[in-house]
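Just add 4 to the spot in the sequence shown (first one is 1) and you have this note's numbering. One structure below.
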Amino acid sequence: MQLRFSVPNEALSLPPPPLLTFPSMWMAGIFWISALVHNGVNRRPALRSGVHRQLLMATLGFCLGYYIKRYSNYYHAERDRQLFSYIKHHPEDFVEKEPRKMRDVLEDFVPTQ
5 MQLRFSVPNE ALSLPPPPLL TFPSMWMAGI FWISALVHNG VNRRPALRSG
55 VHRQLLMATL GFCLGYYIKR YSNYYHAERD RQLFSYIKHH PEDFVEKEPR
105 KMRDVLEDFV PTQ
């Protein structure tokens, strides 16, 4: 099994994701909290010491989250392309059914006294 984390050149045709996405902000927060925990474990003031490390970790987390979102967009676009290609080449498997009406689904109403 081969792990592939690089985004292929085909992904350049996709629009770039916005900068402030959930994965980028989440990863920035997680990495920043890890720097705070590192300060706490080493018995240093959590917020005031190693601010440069906190900024570095938050920036690394932000970049990693942005890259994850970009790869996710490429992966889902590739998957959609394969699915639509399959649907286009096998229309007999995807015949549209006539929608059922509610009167066919529900039983007739009979009031009771």
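All C-beta atoms, glycine included, are put in the ideal place defined by N, C-alpha and C. Because the structure is a prediction, the values reported are computed rather than measured.
Checklist entry - Over what stretch of residues does the alpha helix (DSSP H) that includes residue 117 continue unbroken? => result That residue, residue 117, is in no alpha helix (DSSP H); it is neither H nor E in DSSP.
Item to check | Rounded straight-line distance, which links the Cα of residue 112 to that of residue 10 | outcome: Each residue's Cα considered, the two are about 60 Å apart.
Checklist entry - For residue 60, which of helix, strand or coil comes out of DSSP? => result The three-state reading of DSSP puts residue 60 in helix, counting H, G and I together.
Next on the checklist: Less than 7 Å separating the Cβ of residue 70 from some heavy atom of the ligand COA?
Outcome noted: Only the bare structure without any ligand can be found here, which leaves the ligand COA out of the picture.
Next on the checklist: Would residue 66 and residue 28 be called neighbours here (beta carbons separated by less than 8 Å)?
Outcome noted: In this structure, residue 28 lies closer than 8 Å to residue 66 by Cβ.
Next on the checklist: Can you tell me whether residue 11 is helix, strand or coil according to DSSP?
Outcome noted: If DSSP states are grouped into helix, strand and coil, residue 11 belongs with coil.
Checklist entry - Helix or strand or just coil, what does DSSP make of residue 103? => result Coil, per DSSP.
Item to check | Status (buried if at least 16 other CB within 10 Å, exposed otherwise) for residue 120 | outcome: Summary: the structure shown does not reach residue 120, with the chain confined to residues 5 through 117, and so no result is reported for it.
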